[in-house]
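Asks: In short: position in the sequence shown from 1, add 9, done, that's the working numbering.
Starting off with a structure, shown below.
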Amino acid sequence: MRITLNGETKECPTGITIDKLLELYNFDKYRTAVELNSHVIPRKEHSYQIVKDTDVLEVVTFVGGG
Numbered sequence: 010m011r012i013t014l015n016g017e018t019k020e021c022p023t024g025i026t027i028d029k030l031l032e033l034y035n036f037d038k039y040r041t042a043v044e045l046n047s048h049v050i051p052r053k054e055h056s057y058q059i060v061k062d063t064d065v066l067e068v069v070t071f072v073g074g075g
């Protein structure tokens, strides 16, 4: 299936969860915020929230520093 991830079209397996998608594209799932179709998805829902064909995701990685 095709999704849009951070503005780029990507192919991913059907029925994938947000957690698995983050692993697939090498995001640190503990240091990210995920927006799915303009809705922020709480981290506790990532393990069961299914991504569907044509969904649009924005993944933001937190960076520390000072």
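Virtual Cβ for every residue (Gly too), placed ideally from N, Cα, C.
1. Taking the C-alpha atoms as reference points, what is the distance between H55 and D28?
2. On the CB-based measure, 16 or more other CB atoms within 10 Å of its CB, does V43 come out buried or exposed?
3. Let me check understanding here. Comparing Cα to Cα, which of C21, G73 and G16 lies closest to E67?
4. Under a three-way DSSP split, which group does K19 fall into?
5. According to the neighbour-count rule (16 or more other Cβ atoms, all chains shown, within 10 Å of its Cβ), is L14 buried or exposed?
Replies: Considering the structure as presented:
1. As the crow flies, the alpha-carbon of H55 is around 5 Å from that of D28.
2. buried
3. Closest in alpha carbon position to E67, among C21, G73 and G16, is G16.
4. strand
5. buried
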